[in-house]
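*Asks:*
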Amino acid sequence: MMSEELRKAREFEAAYGPQIPESERPLFHVTAGVGWLNDPNGFSVYRGEYHLFYQYHPYSTRWGPMHWGHLKTQDFVKWERLPVALAPDCDYDRAGCWSGGALELPDGRQLLMYTGRRTQEENGREVAYQTQCLAVGDGRDYQKYEGNPVLTAENLPSGASPYDFRDPKIWREPDGTYHAVTVTRMEDGGGAVLLYASDDGFAWRFERVLTRCRNEYGTMWECPDFFSLDGQQVIFVSPMEMRPMGLEFHVGYGAVYMLGRYHQGDGAFSRETVRSLDYGLDFYAAQTLETLDGRRVMIAWMQNWATVACQTHGARCFGEMTIPRELSIRDGQLIQNPVRELERYRVNPVIYRDILLTEEISLEGVRGRVLDMTVSVAPTSGNGYRAFKVRVAKDGEREIAVQYTPDDGVITLDRSRCGAAYDITNVRKFLARRRDGELKLRFIMDRHSLELFVNDGEQAASLLLYAPESAEGLTFEAEGGIVRMNIEKYGLEVP
Ligand code: FRU
Numbered sequence: 013m014m015s016e017e018l019r020k021a022r023e024f025e026a027a028y029g030p031q032i033p034e035s036e037r038p039l040f041h042v043t044a045g046v047g048w049l050n051d052p053n054g055f056s057v058y059r060g061e062y063h064l065f066y067q068y069h070p071y072s073t074r075w076g077p078m079h080w081g082h083l084k085t086q087d088f089v090k091w092e093r094l095p096v097a098l099a100p101d102c103d104y105d106r107a108g109c110w111s112g113g114a115l116e117l118p119d120g121r122q123l124l125m126y127t128g129r130r131t132q133e134e135n136g137r138e139v140a141y142q143t144q145c146l147a148v149g150d151g152r153d154y155q156k157y158e159g160n161p162v163l164t165a166e167n168l169p170s171g172a173s174p175y176d177f178r179d180p181k182i183w184r185e186p187d188g189t190y191h192a193v194t195v196t197r198m199e200d201g202g203g204a205v206l207l208y209a210s211d212d213g214f215a216w217r218f219e220r221v222l223t224r225c226r227n228e229y230g231t232m233w234e235c236p237d238f239f240s241l242d243g244q245q246v247i248f249v250s251p252m253e254m255r256p257m258g259l260e261f262h263v264g265y266g267a268v269y270m271l272g273r274y275h276q277g278d279g280a281f282s283r284e285t286v287r288s289l290d291y292g293l294d295f296y297a298a299q300t301l302e303t304l305d306g307r308r309v310m311i312a313w314m315q316n317w318a319t320v321a322c323q324t325h326g327a328r329c330f331g332e333m334t335i336p337r338e339l340s341i342r343d344g345q346l347i348q349n350p351v352r353e354l355e356r357y358r359v360n361p362v363i364y365r366d367i368l369l370t371e372e373i374s375l376e377g378v379r380g381r382v383l384d385m386t387v388s389v390a391p392t393s394g395n396g397y398r399a400f401k402v403r404v405a406k407d408g409e410r411e412i413a414v415q416y417t418p419d420d421g422v423i424t425l426d427r428s429r430c431g432a433a434y435d436i437t438n439v440r441k442f443l444a445r446r447r448d449g450e451l452k453l454r455f456i457m458d459r460h461s462l463e464l465f466v467n468d469g470e471q472a473a474s475l476l477l478y479a480p481e482s483a484e485g486l487t488f489e490a491e492g493g494i495v496r497m498n499i500e501k502y503g504l505e506v507p
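Numbering (the working numbering), first residue to last: 13 to 507.
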């Protein structure tokens, strides 16, 4: 039986989603059916396809009582929309079906685990409890489990808060057991990642605290993930209220990865490396899956909570995901690159070799707002240079500048003139390495976003840009010297 709330959300989406012209959406990045989108949820394989759910408020472009929107894909580029999967229609999730995960059960059903948020009045004020709940379905329609909630305050370690207990990511181990990681807030105000286990996916038990913030990386943590990759264990969290640390972490909402060691039975995760997952302005709540051919692929919300006020007037949907990215570990560092499937959609190659660059130039065939472009630069023999600059989405008034200064090794992203009407953070700097004197930058642009990949994925930086699509100029410039530049630029077409 479908609840009134779910029926209404599905009808609303079916009525108003198709009215949004495709030209108002990015070409290959995931957006909401209609209305608001935040975190990716339940990114997982089901019946040989990749499913993605998302935090969804169909009725407006602002956050509200959360539903789960739903899509699927075979190649992470072309997506098929499916009807709203979950609505907040039970006592335990009336205040929202918050973030969570999904997996395929051995009997062929799909299991979703999400955070049910419930509010009640206590001593004259409203308090909100968070518990973990299940829904089971066939890849399209879901029934909430009669045993909900399956993880409550009783399954928390001492000192953990039942008001901040959320975002379960679930997976099935090769031995058939199930695991989940969630976040909570400990008595010192800092976040922690908790590990849970289950034999059947329905009855869950607390295992251990995997790792705690201890006031090192922000306060509360959100949206954890935990997986092994190239012989290491990796944890993702999105911390709130980060303090800046050099150019590695910036103030506010962040997204970090931790590399370390963890042996089941041995106790906690030993944290060895902690770094930013993305060095741009808009990135949060990353989640991964393992593809059918064994790749670890990540997707994230290309936004952060501090920039959500920046909305285009009259737009009928808000929020988009990053391009899914393949992950690996090289030299103790997480490497991320756009999924290789994107290359199948490249058209119209434009190639330039050995351009000797000084003052600002544009190049025949190199412009546009939907593109995949790799630029590499190196100083000409013996000569240094002060700065290398690429400007995109450029017209007489607007531009987004990406600058590299070799003396301090800093990349600066500057969207202060990108057309945003709000005083959001517009400049971000981070440290990049040059390899044998060469710097390589890959630009993925999809109308209102830019994802930059540095040196074959050593770093990524994502940001939204608000310039109208008519601003499609691209220029290159070297200051204080001559650089040798190669360009390989493709358009992207998704039929
Ligand atoms: C992160 C988050 C999650 C929560 C969801 C609610 O962006 O705050 O912790 O489950 O969004 O929409």
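Note that beta-carbon positions come from the ideal geometry of N, C-alpha and C, so glycine has one too. All figures in this text were calculated on a predicted structure; none of them were measured in a lab.
1) Closer than 8 angstroms is the cut-off here; do at least three beta carbon pairs connect the region 363-382 with the region 334-352?
2) Looking only at its chain, what residues have a beta carbon closer than 8 angstroms to the beta carbon of R440, apart from the 5 residues adjacent to it on each side?
3) How about M78: is its Cβ closer than 7 angstroms to a heavy atom in ligand 1?
4) So, with DSSP's three-state summary, where would you put N167?
5) Would you tell me roughly how many angstroms separate the C-alpha atoms of L222 and G128, rounded to the nearest one?
6) Any residue with its C-beta under 7 angstroms from a non-hydrogen atom of ligand 1 counts. Can you list them all in chain order?
7) Going by other Cβ atoms of all chains shown within 10 Å of its Cβ, with 16 needed for buried, is H275 buried or exposed?
8) When the Cβ atoms of the region 111-120 are set against those of the region 130-139, are three or more pairs found closer than 8 angstroms?
9) Here's a check: name, in chain order, each residue in its chain whose Cβ is nearer than 8 angstroms to the Cβ of E450, leaving out the five neighbours to either side.
10) List the residues that DSSP assigns as beta-bridge partners of K406.
11) Could you tell me which whole beta strand (DSSP E) segments of length 3 or greater appear in the region 38-80?
12) In the region 261-292, which residue ranges form an unbroken beta strand (DSSP E) of at least 3 residues, counting only runs that do not cross its ends?
13) Does the region 43-58 come close enough to the region 327-335 that 3 or more CB-CB pairs lie under 8 angstroms?
14) Might you give, ordered along the chain, the residues of its own chain that have their beta carbon closer than 7 angstroms to the beta carbon of G29, omitting 5 neighbours on each side?
15) Decide if Q155 is buried, meaning its Cβ has at least 16 other Cβ atoms within 10 Å, or exposed.
16) Looking at the structure shown, is G113 part of a helix, part of a strand, or coil, going by DSSP?
17) Drop a sphere of 10 angstroms on the beta-carbon of E355, count the other beta-carbons inside from all chains shown, and report buried for 16 or more, exposed for fewer.
18) May I have the straight-line CA-CA distance separating L206 from D51, to the nearest angstrom?
19) For A192, which of G380, E199, K181 and G264 has the nearest alpha-carbon?
20) Find the nearest neighbour of I412 within the set L486, G394 and D419, judged by alpha-carbon distance.
21) How big is the Cα-Cα spacing for E133 and R178?
22) Would a C-beta distance cut-off of 8 angstroms place T12 and A318 closer than the cut-off?
23) Sorted by chain position, which residues of the same chain lie with C-beta nearer than 7 angstroms to R106's C-beta, five sequence neighbours on each side aside?
24) Compute the Euclidean distance between the alpha carbons of I367 and Q323, then round it to the nearest angstrom.
25) Taking C-alpha atoms, which residue in E219, L241, R308 and D305 lies nearest to D278?
26) For the alpha helix (DSSP H) containing E25, list its first residue and its last residue.
27) Locate the beta strand (DSSP E) running through Y296, then write down its first and last residues.
28) Determine the DSSP secondary structure at S35, reduced to helix, strand or coil.
29) With a Cβ-Cβ cutoff of 8 angstroms, do V57 and L241 count as a contact?
30) Just the C-alpha distance for R427 and A433, rounded to the nearest angstrom, thanks.
31) Please tell me whether Q31 and L49 are closer than 8 angstroms, where the distance is taken between their beta carbons.
32) Indicate the three-state DSSP secondary structure (helix, strand or coil) for E338 in the structure shown.
33) Tell me the DSSP secondary structure of Y357 in three-state form.
34) Which residues in the same chain as N395 place their Cβ atom closer than 8 angstroms to its Cβ, once the five residues preceding and following it in sequence are excluded?
35) Report the option in M232, R328 and S282 whose CA atom is closest to the CA atom of A267.
36) Whose C-beta lies closer than 8 angstroms to the C-beta of Y502 among residues of the same chain, with five residues either side of it excluded?
*Replies:* Reading from the atomic positions:
1) no
2) H262, Y291, G292, L293, T424, L425, A473 and L475
3) yes
4) helix
5) 23 angstroms
6) N50, D51, Q67, W75, M78, G108, W110, S111, T127, R178, D179, E234, C235, S250, Y296, A297, W313 and W317
7) exposed
8) no
9) S388, V389 and A390
10) G485
11) 47-58 and 61-69
12) 268-273 and 282-288
13) yes
14) G45 and V46
15) exposed
16) strand
17) exposed
18) 19 angstroms
19) K181
20) L486
21) 20 angstroms
22) Outside the shown range of the chain, which is 13 to 507, sits residue 12, and nothing can be said about it.
23) P100 and R130
24) 39 angstroms
25) E219
26) E16 to Y28
27) Y296 to E302
28) helix
29) no
30) 12 angstroms
31) no
32) strand
33) helix
34) G493 and I494
35) M232
36) R358, V359, N360, P361, V362, L383, D384 and M385
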